[in-house]
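Here the structure is laid out as structure tokens; the discussion comes afterwards.
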Amino acid sequence: MTPIVELQGATKEFRGNPAFADVDFQLQAGEIHALLGENGAGKSTLTKIIAGVYPLSRGKMFINGQEEKLATPAEGLAKGIAMVYQENSLVPSMSVAQNIYLGKEKPLNRLRGIYISAQQFLQSLNFHVDPSAIVGSLGAAQKQMVEIARAVHHKAKVIIFDEPTATLTPEEKSYFFKLIKKLKDEGVSIIFISHALEEALMVADRITILRDGRLVASDKATAFDRQKIIQAMVGRTLTDEIYSGGSRMRAPRKRGAKVLSVENLSMGNMVRNTSFSLYAGQVTGIFGLVGSGRTETLKVVCGVLKRDFFHGGEVKIDGKPKRYLVPAPAVRDGVVYVTEERKAEGFFETMSIAENIYMGQLGGQSFGGFNIVSMKQARFVAEEWRKRLNVRAIDPEAKVIELSGGNQQKVVIAKALVQKPKIVIFDEPTRGVDVGAIAEIHDFINQLADQNIAVAVISSYLPEILSLSDRILIARQGKIVEEMDRRIATEETIMYAAVH
Amino acid sequence: MIMESTPQSLTSSGTGKSAKMGSRIGLTQELIVFLLAIALFTYFSLTLDNFLSSANILNLIRNVAMLGMLSLGMAVVVIGRGVDLSLVAVMAVSLTFSIVLANQGYAFSAALVLGLALVIVVAIIMGFLIAYVEIPAIFATLAVSAIVYGLGRGVIATLDVNNVPDNLDWFLFLGRGSFLGIPIPIWLFAISALALYLFLRRTGFGRFIYAIGDNISTARITGIPVRPTIILQYVLSGVMAFLAGCVTAASVASMNMRMVNSTLIYDVLLVVILGGIGLSGGRGGVRNVLVGTVLIGLLLNGMTILDFSYTVQNLVKSTVLLCALIVDALLNPRDEQTSQQGDI
Numbered sequence: 003m004t005p006i007v008e009l010q011g012a013t014k015e016f017r018g019n020p021a022f023a024d025v026d027f028q029l030q031a032g033e034i035h036a037l038l039g040e041n042g043a044g045k046s047t048l049t050k051i052i053a054g055v056y057p058l059s060r061g062k063m064f065i066n067g068q069e070e071k072l073a074t075p076a077e078g079l080a081k082g083i084a085m086v087y088q089e090n091s092l093v094p095s096m097s098v099a100q101n102i103y104l105g106k107e108k109p110l111n112r113l114r115g116i117y118i119s120a121q122q123f124l125q126s127l128n129f130h131v132d133p134s135a136i137v138g139s140l141g142a143a144q145k146q147m148v149e150i151a152r153a154v155h156h157k158a159k160v161i162i163f164d165e166p167t168a169t170l171t172p173e174e175k176s177y178f179f180k181l182i183k184k185l186k187d188e189g190v191s192i193i194f195i196s197h198a199l200e201e202a203l204m205v206a207d208r209i210t211i212l213r214d215g216r217l218v219a220s221d222k223a224t225a226f227d228r229q230k231i232i233q234a235m236v237g238r239t240l241t242d243e244i245y246s247g248g249s250r251m252r253a254p255r256k257r258g259a260k261v262l263s264v265e266n267l268s269m270g271n272m273v274r275n276t277s278f279s280l281y282a283g284q285v286t287g288i289f290g291l292v293g294s295g296r297t298e299t300l301k302v303v304c305g306v307l308k309r310d311f312f313h314g315g316e317v318k319i320d321g322k323p324k325r326y327l328v329p330a331p332a333v334r335d336g337v338v339y340v341t342e343e344r345k346a347e348g349f350f351e352t353m354s355i356a357e358n359i360y361m362g363q364l365g366g367q368s369f370g371g372f373n374i375v376s377m378k379q380a381r382f383v384a385e386e387w388r389k390r391l392n393v394r395a396i397d398p399e400a401k402v403i404e405l406s407g408g409n410q411q412k413v414v415i416a417k418a419l420v421q422k423p424k425i426v427i428f429d430e431p432t433r434g435v436d437v438g439a440i441a442e443i444h445d446f447i448n449q450l451a452d453q454n455i456a457v458a459v460i461s462s463y464l465p466e467i468l469s470l471s472d473r474i475l476i477a478r479q480g481k482i483v484e485e486m487d488r489r490i491a492t493e494e495t496i497m498y499a500a501v502h
Numbered sequence: 057m058i059m060e061s062t063p064q065s066l067t068s069s070g071t072g073k074s075a076k077m078g079s080r081i082g083l084t085q086e087l088i089v090f091l092l093a094i095a096l097f098t099y100f101s102l103t104l105d106n107f108l109s110s111a112n113i114l115n116l117i118r119n120v121a122m123l124g125m126l127s128l129g130m131a132v133v134v135i136g137r138g139v140d141l142s143l144v145a146v147m148a149v150s151l152t153f154s155i156v157l158a159n160q161g162y163a164f165s166a167a168l169v170l171g172l173a174l175v176i177v178v179a180i181i182m183g184f185l186i187a188y189v190e191i192p193a194i195f196a197t198l199a200v201s202a203i204v205y206g207l208g209r210g211v212i213a214t215l216d217v218n219n220v221p222d223n224l225d226w227f228l229f230l231g232r233g234s235f236l237g238i239p240i241p242i243w244l245f246a247i248s249a250l251a252l253y254l255f256l257r258r259t260g261f262g263r264f265i266y267a268i269g270d271n272i273s274t275a276r277i278t279g280i281p282v283r284p285t286i287i288l289q290y291v292l293s294g295v296m297a298f299l300a301g302c303v304t305a306a307s308v309a310s311m312n313m314r315m316v317n318s319t320l321i322y323d324v325l326l327v328v329i330l331g332g333i334g335l336s337g338g339r340g341g342v343r344n345v346l347v348g349t350v351l352i353g354l355l356l357n358g359m360t361i362l363d364f365s366y367t368v369q370n371l372v373k374s375t376v377l378l379c380a381l382i383v384d385a386l387l388n389p390r391d392e393q394t395s396q397q398g399d400i
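For the protein sequence lines, the chains are A and B, in the order given.
Residue numbering for the first sequence follows this note's numbering, beginning at 3 and increasing consecutively.
Residue numbering for the second sequence follows this note's numbering, beginning at 57 and increasing consecutively.
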């Protein structure tokens, strides 16, 4: 039987760096195909290639046996391939019916007309959604239904779901699975990306596992079990040498004073009633997959994200309850956050290295605005930090945006550390950083903990967690669910706790 | 790791290139404007009979001083990635308020203080709307401008033109006098330019304004008091508007509120953008305002002497403004990742 979608030797590179390479992938008509792998394994990019969001760098794609080169998602849709994104792609201010017909309206569109036909269409799918309801007021599962209805309405033969169940409640999930089974019975092929292994084992006909941009396993779902999948997901060959040393070679640091304690913290449905503590003089690794709420949790702690006033639990710094509405007071109390998105919120792109670091110093002082700025002092401070972190720039006056990723990251770190923090939260400190800089940043994180600073490192890269941490917290579905002693933690046990 | 890192490095090095290009050309943009101004000056002095006459030079200087002060105020806000369309209304109405109070028997100095207080109150309300209520600056300042003008025309005064009371030579001196042979308006412009230069370069708040204009999210995470600083921006621009109003009122001994309906605010934007202060924020400084002011002041004066009609002048100015906006958009492209909805 000809597969409905086939990739041969598919490679996608972003400026020479492969997102995935030499992938041979087949999707049969009327099958549910689960795509598994760690964050960054290349799953999303692979499905975006199939949907036509990006073109392939090398290799071939066949749809129904015909070689195709899709350039836009619209072309993908015309070939019957629809993608339901992680972030909802519905228009929240429009009604359900308007969203379903979006882009396919008749020239003379009657609201009543589309309500009636949408009603009939939704009933034929057995979806109980009011077509006149405003999408913004619907729950996550109902939004998913509308997305699916739209895909089916576009006569999609292949529907791709990127993390469809991450935000759903258990009932909504079981409803969702019934739904994709029903679609399958109607001959639609489904690809879904998931971190929930049980779901994949339960629902999928076939499972494909990616790791570090390579396809490592693809077989009938019945040929897998949980253990096998986890091994395939984490089994590692690349970059082992950077991570093999680190904390595994020495005894974990003793925990110091409890500097941060979080009790029953909640925010929307991203952070759900979570509790944990950080201790001085230790590196606490926080591992979690996409949708586990680890970034959101720590952003709430340091005021980068604002909570509702009336609920949300308690954050205590040095035993004193604190509720930060903006980051400024948190910074003054010695809680700093080093972002994972350094370009969007990490550095000032029009400023030099010295100015960036100096801005950290000014921003960290109470009434820093009233200071008289001295560029001499700025250069002096910057030079000191440049040396400590080994920032390499040909021109010291160079703007930060002209530096390499690793050097940019070092500037962002210096800008935070110049504020003399007691608690440092690193969010993916080595994302998009070259191998040499990774080792330097890791060394530096260790030095901080040795200076009795409480360090938290959020990472989705298991070797990083294992080589840096003195203790490991694992986040799952908006909650810190497990604390592990790193002497007994392995990639498999951590992944086992993080998936659900 | 691989997949998530690559698009990021792709975009960062991509814009890195354009930012580099922008700053390189940005420097020359200032120079180009300066050279254009010199060329224009030479051209006008050679071709226009009256251009170098002392009466015209004085007129030119007075207009330039007023325009320059307003532009300094606008520049502070634009560097912080905002815009203040209420400058002209605030200038006209606050001075009218002072003059009306004086005509009702207040000492003129007290009336001026109350006028300044009005400006600061309006600026704080406006800054609050922008920083805390998060209304886009362009709409908040436009609405406040209309409200201020409405109050001025409907409540504070019944006439458009209000005359400064007699026997206030010290006040008129601000507009008509001179010191060391240089007219006072120029002194005031120079002093405020120097003060703002020092503020922007040498104080923490000045640097914060650049930081906020560059990247407001980074500024927040760095612990900079973002919202108070935004309010401060609008207070400063309001104070500059008030100073410009003093110079204007002093030079003609009256304040004409019809000015609000003129195209003056576009001239101010023209100066700021043409001078090379990008609307994307965080770039430029007082020097850019100086060159922009000189060029636009010369252009306006020359067109008046050449007897271009009001409409033709507007056509020329708006064409130049549009070209400057296009050049600005090309040199300082807005970054999708850092730009926020609502700002202009």
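We put the CB at the ideal spot given by N, CA and C, even for glycine.
Since we're looking at a predicted model, the values are computed, not measured.
Item, Value
"Test item: CB-CB of A43 (chain A) and D214 (chain A) under 8 Å", "yes"
"Reduced DSSP secondary structure (H/G/I, E/B, other) of F255 (chain B)", "helix"
"Residues from the region 335-366 of chain B in contact with chain A, defined by Cβ distance under 8 Å", "G338 and R339"
"Beta-carbon proximity list for A499 (chain A), same chain, < 6 Å, skipping 5 on both sides", "I476 and E484"
"Given P423 (chain A) as reference, the closest of A:E386, A:V205, A:S46 and A:G366 once Cα atoms are compared", "A:G366"
"C-beta neighbour in chain B for S249 (chain A), strict 8 Å", "Because the pLDDT of S249 (chain A) is 49, which lies under 50, any placement of that residue in the model is unreliable, and the question is left without a value."
"Touch test, the region 283-292 of chain A against the region 251-261 of chain A, Cβ-Cβ under 8 Å, three pairs minimum", "yes"
"Proximity to G32 (chain A) [Cα-Cα], best of A:S91, A:K106 and A:I192", "A:I192"
"Min CB distance G183 (chain B) to chain A below 8 Å", "no"
"Neighbourhood of E351 (chain A) by C-beta distance below 7 Å, restricted to the same chain and skipping five residues each side", "K401, V402 and I403"
"Selection of the region 324-339 of chain A by Cβ proximity to chain B, strictly under 9 Å", "V328, P329, A330, P331, A332, V333, R334, V338 and Y339"
"Chain A contacts from the region 251-267 of chain B (Cβ-Cβ distance under 8 Å)", "R257, R258, T259, G260, F261, G262, R263, F264, Y266 and A267"
"Below-8 Å beta-carbon distance, I277 (chain B) vs any chain D residue", "Although the question refers to chain D, the structure presented lacks it and instead comprises the protein chains A and B."
"Touch test, the region 380-397 of chain A against the region 315-326 of chain A, Cβ-Cβ under 8 Å, three pairs minimum", "no"
"contact_flag[the region 290-298 of chain A, the region 325-334 of chain A] where n(CB pairs < 8 Å) is 3 or more", "no"
"Contact belief for D140 (chain B) with T197 (chain B) at Cβ below 8 Å, rounded distance in angstroms", "5 Å"
"Residue span of the beta strand (DSSP E) that contains Y498 (chain A), given as start and end", "First-last for Y498 (chain A): E493 to A500, but that is the alpha helix (DSSP H), not the beta strand (DSSP E)."
"Close beta carbons around I242 (chain B), own chain, < 6 Å, minus the five adjacent residues each side", "I117 and A121"
"Inter-residue Cα distance where the pair is A21 (chain A) and V302 (chain A)", "31 Å"
"Cβ neighbour criterion (16 or more within 10 Å) applied to S249 (chain A)", "Here the model assigns S249 (chain A) a pLDDT of 49, short of 50, so the residue's position is not dependable, and the following value carries that caveat. Buried."
"Minimum C-alpha distance to S97 (chain A) - residue among A:K106, A:V148, A:L37 and A:I447", "A:V148"
"Classification of T49 (chain A) by the beta-carbon crowding that lies within 10 angstroms, buried from 16 upward", "buried"
"Among B:L126, B:L355, B:I238 and B:L256, the one whose alpha carbon lies nearest that of G294 (chain B)", "B:L126"
"Endpoints, the beta strand (DSSP E) within which D429 (chain A) is located", "I425 to D429"
"Neighbour-count burial assignment, A202 (chain A), 16 or more Cβ in a 10 Å radius", "buried"
"Beta bridge counterpart(s) of T13 (chain A) as assigned by DSSP", "A:R60"
"Chain-ordered chain B contacts of G115 (chain A) [CB-CB under 7 Å]", "Simply none; closest approach about 33 Å."
"Proximity test, Cβ basis, 8 Å: D384 (chain B) and chain A", "no"
"Cβ pair F505 (chain A), A384 (chain A) closer than 8 Å", "Any answer about residue 505 (chain A) is impossible in this case: the structure gives chain A only from 3 up to 502."
"Assumed close pair Q449 (chain A), R344 (chain A) - CB separation to whole angstroms, cut-off 8 Å", "Contact flag wrong, Cβ pair sits at about 21 Å."
"Neighbour flag for Q421 (chain A) against chain B, beta carbons, 8 Å", "yes"
"Opposing strand residues paired with H35 (chain A) [DSSP bridges]", "A:I193 and A:R208"
"Beta-carbon proximity check, V316 (chain B) vs A166 (chain B), cutoff 8 Å", "no"
"8 Å Cβ cutoff met for R257 (chain B) and V375 (chain A)", "yes"
"Residue interval of the beta strand (DSSP E) (run including P323 (chain A))", "K322 to K324"
"Residue-level contact to chain A via CB, L381 (chain B), 8 Å cutoff", "no"
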